[in-house]
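Residue numbers (this note's numbering): 421 to 659.
Presented below is the structure to which this report refers.
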Amino acid sequence: MGDISIREYIRWLPDDASEPTSTIVLTTPQRRFVDIRVLKPLPSDPASADPVIPPSQLDWAIAGTSTSSSSNINGASHSQWHHWIDSRTADAESVVDEGHMLGHPSDPALTLEKGRMVNPTTGVETDYEEMWRSEPVETVPCAGGGAAEVTCLALHPETRPRRGLVVRLGQYCQAFARDGDHIALERLKWDSDQQRWVRQVRLGEQEFPTDMTTYFAHEASVGDEVTIGGRVWKVVERG
């Protein structure tokens, strides 16, 4: 089962909680994830304009795989995020990213993450808390009408950039790639009123195979390849 996680807030202890970003993490059933965190405000009208953001508005982008195991600490599970691509460092695998996940006592959609990492504002390793809300994975129409056959699709690049990941999960699609110091990303969401996919955020010049992961996901199979902007991407997961 995949998961759409939207962050409600982050708290660097002992400071108050706040949410300066729009943070969404898409995690596939096979635990591939794309995590995009963009400083607010987002482009005001992405439906009518290309919602390009400057590099300074990107707080963090990560892609990789995650694991989770039971823990004896207050009944929490222990999660680890193995970075394959990271906007903050070219040495993504060196990043230690882990936390303890505690379910909310009255709202099953909420999960509190507790851990310790470097606060980017201070540069000091600090205890933190993040509250995450799981959003239901919706079924969206496929091209030509009818119910979508695909709720999840993931692609890796076969040619440069050597590191990239596109994940579509239900009503969201996120893409992130890094080639040296060049970073590119996109976020799209299905608009049920307009009956189309709307790009909410874009950074960089690289083209992504988002048409395949959104409108034509029902035509894709694992192992299929698509060439976009001279780059080859391969379907590695479908569900």
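A virtual CB, placed ideally from N, CA and C, is assigned to each residue, including glycine.
All figures in this text were calculated on a predicted structure; none of them were measured in a lab.
Cross-strand partners of residue i (DSSP beta bridge)
i, result
"D547", "R536"
"I648", "R651"
"D473", "Asp is not the amino acid found at residue 473; the sequence shown has Ile there. Beta-bridge pairing links I473 to no other residue."
"E606", "A595 and R622"
"T443", "R457"
"E555", "I424"
Nonlocal neighbours in the same chain, by C-beta distance under 8 Å from residue i, ignoring five residues either side
i, result
"G643", "K654 and V655"
"H576", "G584, L585, W653, K654 and V656"
Contacting residues, own chain, Cβ-Cβ under 7 Å from residue i (five flanking each side not counted)
i, result
"F628", "V586, A595, E606 and I648"
"F636", "A563"
"V515", "H503, D506 and T509"
"E545", "R536, M537 and V538"
"R583", "W504, I505, A597 and R598"
Residue i: first and last residue of the uninterrupted alpha helix (DSSP H) it sits in
i, result
"D631", "T630 to T633"
For residue i, three-class secondary structure by DSSP
i, result
"E578", "coil"
"E657", "strand"
"S639", "Residue 639 is actually Glu in this sequence, not Ser. In the structure shown, E639 sits in a helix (DSSP, three-state: H, G or I)."
"C572", "strand"
"S489", "strand"
"A496", "coil"
"R451", "coil"
"D613", "coil"
"A437", "coil"
"G413", "Residue numbering for the chain in the displayed model covers 421 to 659; residue 413 lies beyond these limits and cannot be assessed."
"D601", "coil"
Close-in-space but distant-in-sequence residues of the same chain around residue i (CB under 6 Å, 5 per side omitted)
i, result
"T633", "L573, V586, R588 and C593"
"D611", "V618"
"M521", "A496, S497, S499, T531 and E533"
"A437", "Y429 and R431"
"I426", "I444, R553 and E555"
"V482", "This sequence places Ile at residue 482; Val is not what is there. Result list for I482: D455, H503 and D506, in chain order."
"G661", "Any question about residue 661 goes unanswered here, given that the chain covers just 421 to 659."
Terminal residues of the beta strand (DSSP E) in which residue i lies
i, result
"D423", "D423 to W432"
"L372", "Residue 372 lies beyond the range of the chain shown here (421 to 659); nothing can be said about it."
"G590", "Here G590 belongs to no beta strand (DSSP E), and DSSP marks it neither H nor E."
Beta strand (DSSP E) runs contained entirely in the stretch 504 to 537, provided each spans 3 or more residues: 518 to 523
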